[in-house]
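Number of protein chains: 4
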Amino acid sequence: MNDSRLRIGIVGLGRLGRRHAQNLAQRVPSAELVAACSPVAEELAWAKDALGVSNLHAEYAALLAEPAVEAVFLITPTSLHPEHILQALQAGKHVFCEKPLALDLAECRRVEAEAAKHPRLKVMIGYGRRFDPSYSDAYDKIRAGLIGKPFLVRSQNLDMNDASGFFVRFAPTSGGIFLDCTVHDIDLARWFLGAPRPLRVFAAGTVAVHDGLREFGDVDNGVAICEFEGGKLACFCASRTMAHGHETATEIFGTQGRLAIGANPRLNRVEISDAHGVRNECTPTFYERFEEAFLRETMDFVQAVQDDRPPALTLNDATEATRIALALRESLQTRRAVEL
Amino acid sequence: MNDSRLRIGIVGLGRLGRRHAQNLAQRVPSAELVAACSPVAEELAWAKDALGVSNLHAEYAALLAEPAVEAVFLITPTSLHPEHILQALQAGKHVFCEKPLALDLAECRRVEAEAAKHPRLKVMIGYGRRFDPSYSDAYDKIRAGLIGKPFLVRSQNLDMNDASGFFVRFAPTSGGIFLDCTVHDIDLARWFLGAPRPLRVFAAGTVAVHDGLREFGDVDNGVAICEFEGGKLACFCASRTMAHGHETATEIFGTQGRLAIGANPRLNRVEISDAHGVRNECTPTFYERFEEAFLRETMDFVQAVQDDRPPALTLNDATEATRIALALRESLQTRRAVEL
Amino acid sequence: MNDSRLRIGIVGLGRLGRRHAQNLAQRVPSAELVAACSPVAEELAWAKDALGVSNLHAEYAALLAEPAVEAVFLITPTSLHPEHILQALQAGKHVFCEKPLALDLAECRRVEAEAAKHPRLKVMIGYGRRFDPSYSDAYDKIRAGLIGKPFLVRSQNLDMNDASGFFVRFAPTSGGIFLDCTVHDIDLARWFLGAPRPLRVFAAGTVAVHDGLREFGDVDNGVAICEFEGGKLACFCASRTMAHGHETATEIFGTQGRLAIGANPRLNRVEISDAHGVRNECTPTFYERFEEAFLRETMDFVQAVQDDRPPALTLNDATEATRIALALRESLQTRRAVEL
Amino acid sequence: MNDSRLRIGIVGLGRLGRRHAQNLAQRVPSAELVAACSPVAEELAWAKDALGVSNLHAEYAALLAEPAVEAVFLITPTSLHPEHILQALQAGKHVFCEKPLALDLAECRRVEAEAAKHPRLKVMIGYGRRFDPSYSDAYDKIRAGLIGKPFLVRSQNLDMNDASGFFVRFAPTSGGIFLDCTVHDIDLARWFLGAPRPLRVFAAGTVAVHDGLREFGDVDNGVAICEFEGGKLACFCASRTMAHGHETATEIFGTQGRLAIGANPRLNRVEISDAHGVRNECTPTFYERFEEAFLRETMDFVQAVQDDRPPALTLNDATEATRIALALRESLQTRRAVEL
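Residue numbers (the numbering used here), protein chains in the order written: chain V, 1 to 340; chain H, 1001 to 1340; chain S, 2001 to 2340; chain U, 3001 to 3340.
Take a look at the structure:
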């Protein structure tokens, strides 16, 4: 049975990388984690000790040079994504890469062009929310007609305030709140609305807590509107300053009803009744919320490779998400609606 | 228009009495509060100043002697209910009396017998939950067949802990937790199940917080089961020690579905997301929860008098609630099932 | 006691007018409904028969000519509001008028100017949501600092689809969805954020169901963003096509937490568990949702007159709501951000 | 790494057995599923084809004879549990066995006695709810003192109606609703209350839908009370006739607060707003609800064996659950409280 497992090399073993590595090593029966790459020696030691990964590399090129590696998982800084994907394709490897594809439209196009030269190789950018059981249930219901024709998506990515100011330090390379966070909501809106062509966006934001963002032209809370062709609409909200936890929520309005996903970011099924009222605790970060989604997207990608079918998301989906997010950032900075 | 208003005298102006008085004076267009009776001079002064009640009495007999008074509202200690009802009937007055009818079955019977001699006079005991908009909505849905045939009611009356220990002092005359609190749930169960004949009860309880209750054979938390004929069941819970507020909740199980009323005792429509999670505040006491029910039961009683139709609850409903509650107390004390 | 009641004449006895009339006649102890005005004879007959109103007028001028009338309640078409308010002020009457003040900024200014000449007279436009118990609870919590400094309001007015197409016929005079519906949300955002100066708006919309709206440049679903000075933001959503009921909901984001009002437009406290899942019914229209708010705003206005204090809302609040709503409509039609 | 994996043989490959087999084969890194036993040839073929299990047996004795098998998982009919556990112990194997341990107290004792002779071998009965993330979170909160001292547990196991009448056919061997369903709630109550000694029980039930149960003295809905020493209480409810899904819910009342687990048996995070109101779908069976718990209990058991520490549940926990459930059945049939 194990002979048919897809042999994978992971690149990047930071917090999220480690979780992908664990999934690949222990929870995806059809995959085998055979190699890992990181510039940090301790991370490689962890991969060996905790997961039994035998082939460890400090250099990406060395991992790509391994013939046994059939696919790479890139959990690296966004600035490295385009070049890493290109190299992997040229080395004949399938590619799973964390979102976003790139912070620059030209780089997205360059990756798309290279991928077109390797039609046999699968490339997927990890817009994992699509694989969350609740999101995919909503998608199936919409496709089945439960809410009639969908025309408006409201979606938000609210993060718990990080008093350490991590994302202020991250601001120079994050691309800003819309490219870092809202890009998920953009992908969801396109997905639920049937990938309509975007026409125009408007965005606004504020620095509610983290003054350090101002020098980067970034904000810690933002709202935005995106108009699509055919009278389809999306409305986004992003925050880095919530007190209660991570709250990803999306509503899809249709002509016959509305679906809401994640309206209460409950951690689990426990409810507390005490002097604070009736309450539930919340998912602290996106990871607790989307742990299952990370696993399922990995399984789906591996399956796509093994079945030689297109992955669930195309590279162009990832390009479009970046394109709209870039327009949001431009609107935030110019204070005008931006035509697409 | 006002000529037809029902002229009412209120007896008892404690906390709850005052609220009844305000309703009668200001919120029931078809009633006129013409007289008030209380042994406490300040309470009478309040009725005059705040509500404009002109006829004030320290003695119940004096209020009954007023020919203008057509009906009395008795918001008095339970021990006085039977005698006060008897005297009102003999004076030719309609009677609304707070629950419970009495703490003793013989007294219930005596009141029923007297009422039977005055068929023209209306007597209703204030089991107000029946008039709550949510409870009456549930009742209507059940009558309309929404959940098939109802066969099991679970109902609870949970009160916020009163650190002052009020109900410990009240214990000698309250009749105990089942007669004071669960009597509401008993009435609701009988109502939803179609007033079936009770067969057998079992009850158990504990003193979780208020040790002072032990000397009265009372408990601050209790659970109970009541079997009715025809395979109908009820399960009760009562508490005086909750941290979050007053929570009256009832579930009705039917062969095609279940209704739940009051599952979250939310105070209003506000939800707070902060370091405690996502939460809502709760109704602190039964009054905030049932303010509307108190008004509606009053309106309904006044209407019954004016239309010369039977009130929504019969005296026998009140007797049965007391009868079952007494059996629960007996079961609690004997630790055996009690046959009815 | 009754001598001090404020004597009120109501103008307009349509659906909403009738409800105001009932409140004034039966549920506001400090008011007396002494006169009514309507061009429809049946409506006047109803006021007489059901409420005992004695002075009935087909003409507004006749009602204003009554010396006994101290205040008027204008529940008339918006197009009549400005002129009716002016005449009432000139006749020396206090004015309560349903929202919005006007559909035109010049008219708003004209009313403000006239009111300034009558400093003794109270004028209030009925932005009733402020008086809803949940909304005022949220306001009090924010003022008490529960969520730190508020900086973002998201607010929506979603109406159940009216298959009869009422509001298509209403479109020529409604002012469009933002002036008719979102004006409430604008008022709430200004209230919660401390009435900051608006800087810029953007709006977009779609016709999801009611094609008849297109000829009026109106939409049946819209979203909008408003930026205020000091980094404050608002994001709005309006719909006329919901399947489940009327849903007014508002979130206020602060630096220490978030409040949400109305997240589930539950009709009452009943929950149904059946083949459809676990569910609750919803408030069908704004009236079921805001019945209590209508009563409280009336009581508050009457009290303001009797205490000779400013009403809770100024005329300028109403002007600002119209001003922002007009800018939203302009943005919808020009597809550009509109500076204020 | 794999050398240290615990080698397991599974016995019983029915619906639930298959799920355990999948977990063992694919989701528990520290276990290896090396053998399977079933009297059904197709089930063995599935184990080979889908999971790659090499050693297949029609006879239990043959599986026990395999030296490579270190532990057995018994997912067999309850009537076989005691004998199978005895044989496994005598063969020197660790044992995980689905609940309940037995339907007869003497058999429970016999298993306990045998296990005592093999102190090195681990035996655990699968009361899986304890391993559900929400239940264990609640347990941890209680141990940390969040709700003060726990004194009352209300717990219920409500199953969706199975129109095929499966459990009527199952009735002769199920032991009745309290032994089949409530035994879970009994275990939870003991766990949350600190395993107090039971004093007395009372139970009542009804046949609401499935008349076929009557001949077995069984019911399709039941309620029960259990008193423990020290003033601790439990109240249970079981149903086989729900319309909306499987609903396991538990409340723990403490002196400082209350926890509720599973109050709404939501399937996922999707909420639907349509003509039925606002609603969520529900977990159809216990498996969708407790999928994660099944995995975690397996991992925990395997870990206990590998660490040579006692499993989370003792055999006596399982005996006590059966003992109380038997008393409930006796009370149901005798209509009296049963002393323990």
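From the three backbone atoms N, C-alpha and C, an ideal C-beta is built for every residue, glycine too.
Return no unless some Cβ of chain A is closer than 9 Å to the Cβ of residue i.
| i | result |
| --- | --- |
| V/Glu-271 | Annotation note: the requested chain A is absent from the structure, which comprises protein chains V, H, S and U. |
Determine, using beta carbons only, whether residue i and residue j come nearer to each other than 9 Å.
| i | j | result |
| --- | --- | --- |
| H/Leu-1179 | H/Leu-1056 | no |
| U/Pro-3150 | U/Leu-3193 | yes |
| V/Asp-185 | V/Thr-241 | no |
| U/Glu-3070 | U/Leu-3006 | yes |
| H/Thr-1298 | H/Ala-1091 | no |
| U/Lys-3232 | H/Thr-1334 | no |
| V/Gly-9 | V/Val-72 | yes |
| S/Val-2111 | S/Leu-2315 | yes |
| U/Leu-3103 | U/Thr-3078 | yes |
| S/Thr-2319 | S/Leu-2105 | yes |
| V/Leu-101 | V/His-118 | no |
| H/Ala-1025 | H/Leu-1051 | yes |
Just checking: is the beta-carbon of residue i within a distance shorter than 9 Å of some beta-carbon in chain U?
| i | result |
| --- | --- |
| H/Met-1242 | yes |
| S/Gly-2277 | yes |
| S/Asn-2221 | no |
| H/Arg-1289 | no |
| V/Leu-262 | The residue you asked about is not Leu; residue 262 of chain V is Gly in the sequence shown. For V/Gly-262, the answer is yes, since a Cβ of chain U falls inside 9 Å of its Cβ. |
Based on the DSSP output, what are the partners of residue i in its beta bridges?
| i | result |
| --- | --- |
| H/Cys-1226 | H/Val-1201 and H/Ala-1234 |
| H/Leu-1158 | H/Ser-1239 and H/Glu-1247 |
| S/Thr-2206 | S/Asn-2221 |
| V/Phe-96 | V/Phe-73 and V/Met-124 |
| V/Arg-347 | Only positions 1 to 340 of chain V appear in this structure, which leaves residue 347 of chain V out of reach. |
| H/Cys-1282 | H/Arg-1266 |
| U/Phe-3253 | U/Leu-3152 and U/Arg-3258 |
| V/Ile-272 | V/Arg-279 and U/Leu-3259 |
| V/His-57 | V/Cys-37 |
| U/Val-3183 | In the DSSP output, where bridge partners are listed per residue, U/Val-3183 has none listed. |
Output yes if chain V places a C-beta closer than 9 Å to the C-beta of residue i; else output no.
| i | result |
| --- | --- |
| H/Arg-1266 | yes |
| U/Asp-3137 | yes |
| S/Met-2001 | Because the pLDDT of S/Met-2001 is 42, which lies under 50, any placement of that residue in the model is unreliable, and the number read from its coordinates should be weighed accordingly. Answer no: the Cβ-Cβ gap between S/Met-2001 and chain V never drops below 9 Å. |
| U/Asp-3300 | no |
With a CB to CB cut of under 6 Å and the five nearest residues on each side skipped, what residues in its chain are close to residue i?
| i | result |
| --- | --- |
| U/Thr-3255 | Gly-3148 and Lys-3149 |
| U/Phe-3286 | His-3246 |
| V/Glu-262 | For the sequence presented, residue 262 of chain V should be read as Gly rather than Glu. Hits under 6 Å: Thr-248 and Ala-249. |
| V/Glu-215 | none |
| H/Pro-1265 | Gly-1245, Glu-1247, Cys-1282 and Thr-1283 |
| U/Arg-3329 | Gly-3176 and Phe-3178 |
When you compare the CB of residue i with every CB in chain S, is at least one pair closer than 9 Å?
| i | result |
| --- | --- |
| H/Pro-1077 | no |
| H/Lys-1141 | yes |
| H/Ala-1025 | yes |
Using 9 Å as the limit for Cβ to Cβ distance, is residue i near chain H?
| i | result |
| --- | --- |
| U/Gln-3256 | yes |
| S/Pro-2150 | no |
| V/Asn-280 | yes |
Ignore the nearest five residues each way along the sequence and tell me which others in residue i's own chain have a CB closer than 7 Å to its CB.
| i | result |
| --- | --- |
| S/Arg-2157 | At residue 2157 of chain S the sequence reads Asn, which differs from the Arg that was named. Cys-2181, Thr-2182, His-2184, Asp-2185, Ala-2238 and Thr-2248, listed in sequence order. |
| S/Ala-2293 | Gly-2128, Arg-2129, Phe-2131 and Asp-2132 |
| U/Glu-3114 | Leu-3086 and Leu-3089 |
Does any heavy atom of the ligand SAM sit closer than 8 Å to the C-beta of residue i?
| i | result |
| --- | --- |
| V/Arg-323 | The model on display carries no ligand, and the ligand SAM is accordingly not part of it. |
Excluding the five sequence neighbours on either side, which residues of its own chain have a C-beta within less than 8 Å of the C-beta of residue i, listed in chain order?
| i | result |
| --- | --- |
| U/Ser-3134 | Ile-3261 and Gly-3262 |
| S/Asn-2002 | Because S/Asn-2002 carries a pLDDT of 47, less than 50, the predicted location of this residue cannot be relied on, and the following value inherits that uncertainty. Correct list, in chain order: Glu-2032. |
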